[in-house]
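Q: Same order as they appear, the protein sequences are chains A, B, C and D.
Residue 46 is where the first sequence starts when you use the working numbering, and the numbers rise one by one after that.
Residue 8 is where the second sequence starts when you use the working numbering, and the numbers rise one by one after that.
Residue 19 is where the third sequence starts when you use the working numbering, and the numbers rise one by one after that.
Residue 71 is where the fourth sequence starts when you use the working numbering, and the numbers rise one by one after that.
Glycine is no exception: its CB is placed at the ideal position from the N, C-alpha and C atoms.
Keep in mind it's a predicted model, so treat the numbers as computed, not measured.
One structure, as structure tokens, below. Some questions next.
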Amino acid sequence: MVPLFMVIPLAAAFIIALTAKLDERVHDACAVTGGFVIAALSIAVCALLGRSGAPGVMTYRIGSLPPPAGIALVIDGLSSFMLVTVNLVGFLVTLYATGYVKCYTDRWKFYSLFFLMLSGINGVLLASDIFNLYVFMEIAAIAAYFLVAFGTEAEELEASFKYAIMGSVASAFILLGIAFLYGATSTLNMADMARVLAASNPARVIQLVSVLFIMGFGLKAALVPFHAWLAYAHSSAPAPVSAMLSGVLIKVLGIYALSRIFFNVFGMDTAIMQILIVIGVLSMAVGAILAFGQSDIKRLFAYSTVSQIGYVAIGLGVATPLAVFGALFHLFNHSIFKSLLFLNAGAIERLRGTRELGKLSGILADEPVTGYATLVSALSISGIPPLGGFWSKAIIIFACIQAGRPALALIAALISILTLVYYFRSLSPVLFGPKAEMTAGARPTLAMNAAMAALAVLVAASAFALLPAIKEVLLNGAIAVLTNGTANNVPLGAIQ
Amino acid sequence: MLEIHLILFFMIAAAIIAVEVKDLLSSIIAVGAVGIGLSMAFLVLKAPDLAIMQLVVEILSLIILIRATIRKDLPFSASGRWAFNTGATVVFFAVFLVCAYMALKGLRAFGDPLMRVSQAYLAEGPAKTRALNIVSAITSNFRVIDTLGEGVALFTAIIGILAVARKVGHKKKK
Amino acid sequence: MGTNSEKGMGVIVKTVTKLTLGFILLYGIYITLSGHISPGGGFAGGVIIALSFVHVMLAFGKDAALKRLRPPGLRLVISGAALVFLAMAIIVPQGRVFDSEVIVPLCEAAIVGPGLFVIFVALVLLSKADKDSE
Amino acid sequence: MTIYLLCLALFSVGLYCVLRKRNIIKIIIGIGIMEYAVNLFFALIGYRAQGRSPIFAPDQAIRNMVDPLPQAVVLTSIVLGLSVTLMLVAVAIRIYERYGTFDITKITRLKG
């Protein structure tokens, strides 16, 4: 079951490329089926692992040697939680894309690249070997660079190039860090590496590698001061790609990889926690302030992503169980509402032919599905009480107070209010304003509406994840993986 | 290991030329020299697989870079605050190298690797696979997923470049 | 060289290319298949195969080369090889059922050789790449 | 030790090129140099003094082989680097077509 998460998207990508000459509906069907199957599979795996009494990990060995010399794919609590997030969003975005990419030539290339990106992301989540993680990260990143440039207009090419330059520099830093780690431990398997590092403790090496990884993965996660590429790439890319980049890619390539390595390989120490908190606060503040002045709807969402990722970084930096819970829950919430917002922005841009906030109005009356979906996700992201976004931010703030950092809690609360203000200010005319007599562009297709509605339902219902029964299955395993630190690694002998 | 030092000095010199020379074609040729130096270094480091690989990849990327950039303009102009920016960059590198020097003390000395995991490859390689070349045994069996990854990365590049090379991205609006 | 790429180079180059093409191709296949006993392997062999195609294209011009190596056919080879490769990579753990030391490099060469040639065509002749890459 | 530092100096030259040069082809070259340096660093870590290349001969026992794992890793890393380089060149050519220049300071249709 484990390798299916890579096999299905890769096979979908290859088959779509193989059948490029066939009718485009074949590709639509192939893409939606592939997306649905892995989404269902990820939920099944999460449910299996979350049962009480389950061993909590699933493994699959590749190659004829056991780890650490061989390779194993491992799904533990954190991976299964992330797999659900990624593949759920991935499926709904695919569904949306079947309607959205009608305006592009050669759609099969889009689907093929999209599934290659998805397989790279899933591969990062399955990897138990640090170089595998790097390889899959590169696959996802290369596919993302191309997807940003998919429209081949001047702005898209420019954004793609700048993103690719930043991403390649980040990758070089990460690979250099891996080389140092290999030199110090002579192994690439992460669990084995954690054991060797704990035994020999080469402090200087770990310090240098930490800095390299924070720069590298921080760039991939668009944390301030490494956020420059994000606004370009997210605002220029096709809407489904922006949704995937913002909703999934930066979290897996940045936050997931960072926390996997820092929590489970190095073991969290106070210096790293401090750095994460400082970077998190900077991201929150700078993202929110930059979002304030934006006149372009997608750039507004892009800077808001920087700000919200800051919350996740703070939660991970505080690193108490409650804070980690808040961070992971916020990560989940942000995945669904931010991808929904980008999908809505794409639909609005289609409808009105512009992304200028000043020229948009009356969406709610004109196109109710898009309008209400935007409304729900904007309410959730600004932290209006019954919705999931409120709870995740509240949990992070409480965790800060509980950990004895009231100043941090205050900043987080203030930024939350700021978020509410800029979302209200920017989006209320767009949604509630008078219905403008603009040249009507293309209306969202049925598939696009269905995808947006489904995501909106998810956003509205995400607070139910706090119910003990669901939390137990979805989140508890992930929290345990991070809070147990290096003690959590799967014993190498146990890998089948 | 005098020869590897010499090759590295050669590579650094070629890299500086590649970075600083004004003419784009000369710059690409100089980077080719860095690549050839790298290939020689791999040979000295007893990695013949890597030497072959680096050589063929280098030739291919040189051909593509030259064909892609030939007869294109290259306006060079010094930007403002040149001295300040360069100074800041150089200071950053000095800090980086000093930190790296500290960290390098934590590694084992050059020429004396730990080889914890690799012992297993050397011991079991010929028995578990049919390969005498241990690097090939690793890439085609023990760590085959890396090789799958590199194939997929190249596949991505193929599809992506076909996508980016489309003359018309958006269909005409009617 | 821009105009040359239409018609190809002189008669000497063409003759030499005809003579050497087979050898380069053979060498690429040799490097691919003997990767498990000597240095080399699938990727290096694939790049050499691609270079032999590029060689033909530079000597004979784009049209002559693309008449023999049609991008749709190449695409089928690439995607098919990728599918086989995927199956191989996941099945490998089940002992020595397959000769992965031979099949894996072959699949890789089948992706890399045609793939890099397609990339070369697309990049160098970007202005005309649309109908070439279908 | 000095050998590692020289390798990192090469890395710095590449990074300097990326940070300070304005021609996008130069930036691609800088990224290529960084990749070379990292690959070399890996290979250096696996080297064993007076070692032999990791290829067995059918009839003789060879003891002191260099570490084969970094070589396998670098093999993959070279390909990933090639893919990224090809990607950058493709986009750079299209950018030249659209903007008519390779100067990154003039390629600013997107405002920060």
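Note down, in chain order, each residue of its chain lying with its Cβ closer than 8 Å to the Cβ of V214 (chain A), except the 5 sequence neighbours on either side.
A: Start at 1 with the first residue of the first sequence, and residue 214 (chain A) comes out as number 169. Excluding positions up to five away in sequence, the list reads L264.
Q: Answer yes or no: does any C-beta atom of chain A fall closer than 7 Å to that of V83 (chain D)?
A: Translated into positions along the fourth sequence, residue 83 (chain D) becomes position 13. No, because no Cβ of chain A sits closer than 7 Å to the Cβ of V83 (chain D).
Q: Applying a beta-carbon distance threshold of less than 7 Å, which residues of chain A neighbour A100 (chain C)?
A: Looking up residue 100 (chain C) in the third sequence gives position 82. The answer, in chain order, is F59.
Q: In this structure, does DSSP put D173 (chain D) in helix, strand or coil?
A: As a working note, residue 173 (chain D) is residue 103 in the fourth sequence. Three-state DSSP puts D173 (chain D) in a strand.
Q: With C-beta atoms as the reference, is T146 (chain B) less than 7 Å away from T154 (chain B)?
A: Residue numbering aside, residue 146 (chain B) sits at position 139 when the second sequence is read from its first letter. Residue numbering aside, residue 154 (chain B) sits at position 147 when the second sequence is read from its first letter. Yes, Cβ-Cβ distance for T146 (chain B) and T154 (chain B) is below 7 Å.
Q: What did DSSP end up calling T155 (chain D) once you bin it into helix, strand or coil?
A: Here residue 155 (chain D) refers to the residue found at position 85 when the fourth sequence is read from its first residue. Helix.
Q: Apart from the five residues on each side of it in sequence, which residues of its chain come closer than 7 Å, Cβ to Cβ, to G39 (chain B)?
A: Within the second sequence, the letter at position 32 stands for residue 39 (chain B). Answer for G39 (chain B): E65, L69, listed in chain order.
Q: If I follow the unbroken alpha helix (DSSP H) through M109 (chain B), where does it start and stop?
A: As a working mapping, residue 109 (chain B) is identified with position 102 in the second sequence. Per DSSP, M109 (chain B) belongs to the alpha helix (DSSP H) from 89-113.
Q: Taking I152 (chain B) as the query, report the chain E residues whose CB atoms sit under 7 Å from its CB, ordered along the chain.
A: Chain labels in this structure do not include chain E; the protein chains are A, B, C and D.
Q: Which of helix, strand or coil does DSSP assign to A140 (chain C)?
A: Residue numbering aside, residue 140 (chain C) sits at position 122 when the third sequence is read from its first letter. Looking at A140 (chain C) - three-state DSSP - the assignment turns out to be helix.
Q: So the beta strand (DSSP E) T50 (chain C) belongs to, where does it begin and stop?
A: For the purposes of this step, residue 50 (chain C) is taken as the residue at position 32 of the third sequence. T50 (chain C) -> not in any beta strand (DSSP E); alpha helix (DSSP H) instead, spanning 29-51.
Q: Is A22 (chain B) near V83 (chain D), with beta carbons less than 7 Å apart?
A: Position 15 of the second sequence, counted from the first residue, corresponds to residue 22 (chain B). Position 13 of the fourth sequence, counted from the first residue, corresponds to residue 83 (chain D). Closer than 7 Å, so yes.
Q: Assuming T419 (chain A) contacts L386 (chain A) under a Cβ cut-off of 8 Å, what Cβ separation, rounded to an integer in Å, is found between them?
A: Working through the first sequence from its first residue, we reach residue 419 (chain A) at position 374. Working through the first sequence from its first residue, we reach residue 386 (chain A) at position 341. Their Cβ separation, rounded to whole angstroms, is 7 Å, which keeps T419 (chain A) and L386 (chain A) in contact under 8 Å.
Q: Within its chain, find whatever has a CB closer than 6 Å to the CB of P285 (chain A); leave out the 5 residues flanking it on each side and keep chain order.
A: Counted from its first residue, the first sequence places residue 285 (chain A) at position 240. Counting only Cβ-Cβ distances below 6 Å, and skipping sequence neighbours, we find V138, Y141, A142, Y145.
Q: What beta strand (DSSP E) runs, 3 residues minimum, are completely inside the segment 341-374 of chain A?
A: Correct list: empty.
Q: Relative to the alpha-carbon of V97 (chain B), which residue among D:D137, D:P138, D:L85, D:I73 has its alpha-carbon at the smallest distance?
A: The residue labelled residue 97 (chain B) in the question sits at position 90 within the second sequence. Minimum Cα distance to V97 (chain B) is reached at D:L85.
Q: CA-CA distance, V310 (chain A) and A160 (chain D)?
A: Indexing the first sequence from 1 puts residue 310 (chain A) at position 265. Indexing the fourth sequence from 1 puts residue 160 (chain D) at position 90. Looking at the two C-alpha atoms, the distance is approximately 38 Å.
Q: If you measure between the beta carbons of L118 (chain A) and L171 (chain A), is that distance less than 7 Å?
A: Position 73 of the first sequence, counted from the first residue, corresponds to residue 118 (chain A). Position 126 of the first sequence, counted from the first residue, corresponds to residue 171 (chain A). Closer than 7 Å, so yes.
Q: Evaluate contact between the segment 454-467 of chain A and the segment 387-401 of chain A, counting only Cβ atoms and requiring at least three cross-stretch pairs below 8 Å.
A: As far as the Cβ criterion goes, the segment 454-467 of chain A does not touch the segment 387-401 of chain A, which means the pair count is below three.
Q: CA-CA distance, L221 (chain A) and L257 (chain A)?
A: For this step, residue 221 (chain A) is matched to residue 176 along the first sequence. For this step, residue 257 (chain A) is matched to residue 212 along the first sequence. Using only the alpha carbons, I get a separation of about 8 Å.
Q: Return the Cβ separation of Q120 (chain D) and D56 (chain B) in integer angstroms, given the expectation that the two are a contact with Cβ distance under 8 Å.
A: The sequence position of residue 120 (chain D) within the fourth sequence is 50, counting from 1. The sequence position of residue 56 (chain B) within the second sequence is 49, counting from 1. Wrong, their Cβ atoms sit about 20 Å apart, outside the cutoff.
Q: Could you tell me the boundaries of the beta strand (DSSP E) in which V119 (chain A) lies?
A: Numbered from 1 along the first sequence, position 74 holds the residue referred to as residue 119 (chain A). Its beta strand (DSSP E) spans residues 116-120.
Q: Taking 6 Å as the line, does the beta carbon of V95 (chain C) fall inside it for any heavy atom of the ligand FMN?
A: Judged by which ligands are present, the structure shown has none, so any question about the ligand FMN falls away.
Q: So with CB distances below 7 Å, who are the chain D contacts of D56 (chain B)?
A: Within the second sequence, residue 56 (chain B) is the residue found at index 49, counting from 1. Ordered by position in chain D, the residues that pass the 7 Å Cβ test against D56 (chain B) are Q141, L145.
Q: Please compile the residues from chain C whose C-beta is within a distance smaller than 8 Å of the C-beta of L156 (chain D).
A: Counting from 1 along the fourth sequence, the entry for residue 156 (chain D) is found at position 86. Ordered by position in chain C, the residues that pass the 8 Å Cβ test against L156 (chain D) are I137, L141.
Q: Under three-state DSSP, which class holds M46 (chain A)?
A: Taking the first sequence and counting its residues from 1, one reaches residue 46 (chain A) at position 1. Looking at M46 (chain A) - three-state DSSP - the assignment turns out to be coil, as it is neither helix nor strand.
Q: Please list, in chain order, all residues of the same chain as A209 (chain A) whose beta carbon is under 7 Å from its beta carbon, the five residues on each side excluded.
A: Working through the first sequence from its first residue, we reach residue 209 (chain A) at position 164. Here the set comprises Y190.
Q: Between A:A423, A:G108, A:F382, A:A501, which has its C-alpha nearest L472 (chain A)'s C-alpha?
A: As a first step, residue 472 (chain A) is located in the first sequence; it is residue number 427 there, counting from the start. Measuring from the Cα of L472 (chain A), the nearest candidate turns out to be A:A423.
Q: Provide the residue(s) that pair with T104 (chain A) in DSSP beta bridges, ordered along the chain.
A: Here residue 104 (chain A) refers to the residue found at position 59 when the first sequence is read from its first residue. In DSSP, T104 (chain A) forms a bridge with A:V119.
Q: How would you label I515 (chain A), buried or exposed, when you count the other beta carbons within 10 angstroms and need 16 or more for buried?
A: As a first step, residue 515 (chain A) must be located in the first sequence, where it is residue number 470. I515 (chain A) should be labelled exposed.
Q: Determine, for A119 (chain D), whether the minimum Cβ-Cβ distance to residues of chain C falls below 7 Å.
A: In the fourth sequence, residue 119 (chain D) corresponds to position 49, counting from 1. By this cut-off, A119 (chain D) is not an interface position.
Q: Go ahead and pull the three-state DSSP assignment for N134 (chain D).
A: To locate residue 134 (chain D), count along the fourth sequence from 1; it is residue 64. Three-state result, N134 (chain D): coil.
Q: Can you find a C-beta in chain A that's less than 7 Å from the C-beta of F112 (chain D)?
A: Along the fourth sequence, read from residue 1 onward, the residue named residue 112 (chain D) stands at position 42. Judged by the 7 Å Cβ criterion, F112 (chain D) is in contact with chain A.
Q: Quick check: what's the CA-CA separation for F136 (chain A) versus S437 (chain A)?
A: Looking up residue 136 (chain A) in the first sequence gives position 91. Looking up residue 437 (chain A) in the first sequence gives position 392. The alpha-carbon atoms of F136 (chain A) and S437 (chain A) are separated by roughly 24 Å.
Q: Quick one: list the residues of chain A neighbouring M109 (chain B), beta-carbon separation under 7 Å, in chain order.
A: To locate residue 109 (chain B), count along the second sequence from 1; it is residue 102. By Cβ distance, chain A contributes R249.
Q: Could one say the Cβ of E200 (chain A) lies closer than 7 Å to chain D's Cβ atoms, at least one of them?
A: The sequence position of residue 200 (chain A) within the first sequence is 155, counting from 1. Chain D, which has a Cβ nearer than 7 Å to the Cβ of E200 (chain A), makes this yes.
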